[in-house]
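These notes concern the structure reproduced below.
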Amino acid sequence: MTAATATATHVAPPRSFATAVHHTLRLTQRSVLGRLRQPAALAPSFIFPLFFAALGSASFQRMSKLPDFPASSFLNYTAAGAIVQGVLFAATSSAGDLATDIEQGFFERLLVSPVTRTAIVIGRLGSAMVVAITQVFVFLGIFLAFGARIETGVVGFIGLTVSGALLALAMSGLMSGIAIRSGSPEVVQGSFPMVFALLFLSSSFFPRQYMTGWYKTVASWNPMSHVVEGMQGFMNQPLDIDQFLRAWLIPLGIATVSIMFGLRALANRLAAQ
Amino acid sequence: MLVGCHLVVACNLVTSAPIIAHGLVRHFGSGDNTVRAVDGVDLQVDQGEIFGFLGPNGAGKSTTVRVLTTLLKPSAGSATVAGFDVATQADQVRRSIGVALQDAAIDPLMTGRELLDLQSVLYGIPKTRARERGDELLERVGLTAAADRRVGTYSGGMRRRLDLALSLVHEPSVLFLDEPTTGLDPMSRLTLWEEVRRLNREGTTVLLTTQYLEEADQLADRIAIIDHGKIVREGVPRDLKSAVGAPTLLIDVDSTHAESARTVLARFGDLRPTSEGTLGVGLVQGAEAVASVIRSLDEAGVHVRHLELNEPSLDDVFAEATGYRLEGAEAKSDAPATGARRGPR
Amino acid sequence: MNTSIVNDAPRSATGREHGGHPLSVSGALVRRTLLRVRRMPAAFVPSIVMPVFQLIAFSGAFGAAVRLAGVKNAMDWYVPLNAVQGASFGAMGVSFGLINDMQTGFFDRLLMAPTKRWALIVGPMAGSIARAALPVALVIVIGFLGGMNVPGGPLAIFYVAVAATGIALVASAFALGLTYRMRNMGAATLTQFAIFFTIFLSTSQVPLSNMAGWLHAVARVNPMTNVLRLARQGLLGDITWNDTWGGLLAIAVMLFVSCWFALSGLKSLEK
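Protein chains in written order, with the numbering used here: chain A, 185 to 457; chain B, 951 to 1295; chain C, 7 to 277.
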């Protein structure tokens, strides 16, 4: 070792909005790569929704012939539910990666670097949105290939894509908060039943009008029903402002709260160190 | 005639060693990807012996043990344990041996006592005897107080002791210990050594694999050194060390003087492989030659930072046989890690 | 104390005469399964919660579809499905347990036991039945609370239990066979996929007559359809031999194949 004092070859610039954006994009890229390198973790969020859609279409085709059925075919009906299912699963699974980072120490490696703190969470949300958009494209591509139609055309396609991304943002914010608070992938995994409950106790898989009793009441109160019905509107109804209100505003509202929860969890963890 | 037959049988029992292997081979993979983890091992472990199997990680020790304990079938060659063929009489072999593998094979959710009970069932020990036996073994290995605690709460040393107890439940005549003290603190290591010696005094034949020279030196009556799947040396530790011959003079010099130092040392004896940053030479005259060596180095302008004179060790035996030192070395073998255990890929 | 723990009598060359009796060994492994469930309940909870939740969710969400097919109460249709599904969760537990044993090295200890190899398979399989008992019972109880009809009488519930038990055995044997071969968590995931698709590509949601196209073709040949028919018959109407023998045969054949798969997987470990 020489007598000269070792100096860093690069001094980190003072934090700025541009830096924050750069860090966020970089961490988003890392998260997306991480997801792609775990196909076994990513595959279920594509395979299961498509499977349930195929199963539902083949099982409930007779129902779709009823005069009051809210879609031209069961495939058209179930497309929105498949997107919602895939997005929710992928976002939850992605939060597991964040918990793993904490458990294995990579999170602390980030903290000792000059990375913008919020980028740690926002980067994860960004990757969830990227995956969600990909899912929307893949699912709609497959559904359209099998005979589904988007009544509202290109606008509806964009509407569905934005809705999927906003839903991913909402779920990912919530799950990231849970991941940061617990630091445990098992705890995040344990949240899957909540996702199941949100999905099944809604009109994701079957029209609300055919439900009865307490089940119908719960489904009516479940915000997921309204998000899905807004997205189903893009698929099956003429363009209407109601579709945007339900498919965009509800996830946006949830996302606002969940992102604050996630950032708050991060702040608490940083304060505790 | 009856007496004669008994005599023949007795002679066979006496001459039949508990562990015999002839040309034992075990390979993994096929075609161009074949790895010969055990590559023609011949060995014989005599009744009442502690036999040490010494080698670095990946040398083939654990694979050899797994073949001898029927967890793997040999690819070629043959082996008998307790008089039974490991390939065709696996069941009889299992009844005769106790095994403690590299990782303590325990269930962390069960208590020590529950594991001993389960082991008794696996070996067909009647319930009344099983409970007694469990208590004896727990006392023996010093785990009576912890017997009803879950094994997941045990320290590393306690797990090893329990593992040993489990391998002794059925009073085996042959005991295989695969790196039994790896990862243990010095005190626990010494305790386990004492336990192995006691078992041996009571008549158990022990085959022990280790990468620790001191362990082989302390415990084994005879050792075999294995490298790249082959036995390269075998014999009594004392004889192996004296066969290496001269003590080794180890010196630390500045790296800029290493070449000059090597030239000087070569005049006094054979250069020997050493760890990085150190040079070694075999001095036939021993300590008497040290002064001459220092003078010659000084005349050559070599500044010696540190020197020591070591009597031959098992590491020297290993270095002489393989060309590199065991301590701090990994075998340059391609043996796959999964060959050593049936763990997850 | 310095007592010798080795028998002073001349040690026989064979050590223990017979080794562990296979049934005793299997029994000990069942007890171990139950012990692990008691000591790690968190791992067991999903296998209870999921079938019950899905029973409620399916009957609530898809009830109209099955009522359209002529079923009086959606519970009549879904209780057998979710009982069978609950029983199959035990297979995942078997796979996880085996992976865990392989990771800790405990599996080697079992392999070295001088007992029949099939005891190492029968034990976990029997353990999966023990694990399945609670979720299946809960599903049936929830079914009754939800107004499930039982025109077939007590025999109807018995056949639900038979179907669930059969699937528990088949699924666990399959899980063992896969895990012996793959030796990693991929086996558990693959087991889950295989069981999931087998159950749902049958008359899981609606009767055969209500299905269209490819699903009808697959469900017709899927043995699970016969198993569900066996389980459902007493809840939908009278119990007949016609609706019974197909399910029993399907379970028998699947059991034979999956046991062979498990045993050959275990033997491949010793090669």
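Even for Gly, the Cβ is constructed at its ideal location relative to N, Cα and C.
At a cut-off of 8 Å, the C-beta of C/Q211 has a neighbouring C-beta in chain A. For C/A136, there are no neighbours in chain B by C-beta distance under 9 Å, as the nearest C-beta there is about 16 Å away.
Shortest Cα-Cα distance from A/A264 to any of A/S360, A/A451, A/G414 involves A/G414.
Under the three-state reduction of DSSP, A/V338 is assigned to helix.
By the criterion of a C-beta distance shorter than 6 Å, B/F1034 is surrounded in its chain by Q1042, V1043, once the five residues flanking it on both sides are discounted. B/Q1235 counts as exposed, since fewer than 16 other beta carbons sit within 10 angstroms of its beta carbon.
Contacts with chain A at 8 Å (Cβ-Cβ) include C/T195.
DSSP links B/D1128 through a beta bridge to B/T1159.
Counting C-beta pairs with one atom in each stretch, the stretch 1005 to 1013 of chain B and the stretch 254 to 274 of chain C have fewer than three that are closer than 8 Å, which means they do not touch. Contact check for A/V268 against A/L344 fails: the beta carbons are separated by 8 Å or more. Shown here, A/F389 sits in coil according to DSSP, grouped into three states, outside any helix or strand. In the three-state scheme derived from DSSP, where H, G and I count as helix and E and B as strand, B/I970 is classed as strand. A contact is defined here as three or more CB-CB pairs under 8 Å, and the stretch 202 to 219 of chain C meets this definition with respect to the stretch 240 to 250 of chain A. A direct Cα-to-Cα measurement between B/Q1052 and C/L236 gives close to 50 Å. When the beta-carbon positions are compared, B/L1169 and B/V1146 come within less than 8 Å of each other. Taking one beta carbon from each stretch, the stretch 374 to 392 of chain A and the stretch 299 to 309 of chain A have fewer than 3 pairs nearer than 8 Å; the two do not touch. The Cβ atoms of A/L454 and A/R301 sit closer than 8 Å to each other. Non-local beta-carbon contacts of A/I364 in its own chain, meaning distances under 6 Å to residues more than five positions away in sequence, involve A449, L450, R453 in chain order.
Judged by beta-carbon spacing, A/A274 lies within the 8 Å limit of A/A316, meaning their Cβ atoms are closer than that value.
C/D114 is classed as buried because its beta carbon has at least 16 other beta carbons within 10 Å across all chains shown.
Under the 8 Å criterion on CB atoms, B/Y1073 is classed as interfacial with respect to chain C.
Within the stretch 86 to 112 of chain C, the residues whose Cβ lies closer than 8 Å to some Cβ of chain B are I105, D107, M108, Q109, T110, G111, F112, listed in chain order. In terms of CA proximity to C/G69, C/M81 leads the group C/M81, C/V58, C/Q60. Distance from A/Q416 to A/P254 at the Cβ level is roughly 7 Å; contact confirmed, criterion being Cβ atoms closer than 8 Å.
With 16 or more other Cβ atoms inside 10 Å of its own Cβ, C/I62 counts as buried. Within its own chain, the residues whose Cβ lies closer than 8 Å to the Cβ of B/H972, once the five positions on either side in sequence are excluded, are D992, G1027, S1028, A1029, listed in chain order. Within the model, the alpha-carbon separation for B/G1179 versus B/S1263 is close to 22 Å. In the structure shown, B/T1228 adopts extended strand secondary structure according to DSSP, grouped into three states.
DSSP, read as helix, strand or coil, puts B/T1030 in strand. When Cβ-Cβ separations below 8 Å define contact, B/V1049 makes contact with chain C. Ranked by how close their Cα comes to the Cα of C/R238, the residues C/V168, C/F199, C/E276 have C/V168 in first place. Along the stretch 27 to 43 of chain C, going in chain order, the ones with a CB nearer than 7 Å to a CB of chain B are H27, S30, V31, A34, R38, L41, R42.
For the stretch 168 to 187 of chain C, the set of positions with a beta-carbon nearer than 8 Å to some beta-carbon of chain B is empty.
Comparing alpha carbon positions, the residue from B/V1036, B/D1265, B/D1220 closest to B/L1163 is B/D1265. With contacts defined as CB atoms closer than 8 Å, B/I1047 and B/V1031 qualify as a contacting pair. When the beta-carbon positions are compared, A/M419 and A/G340 come within less than 8 Å of each other.
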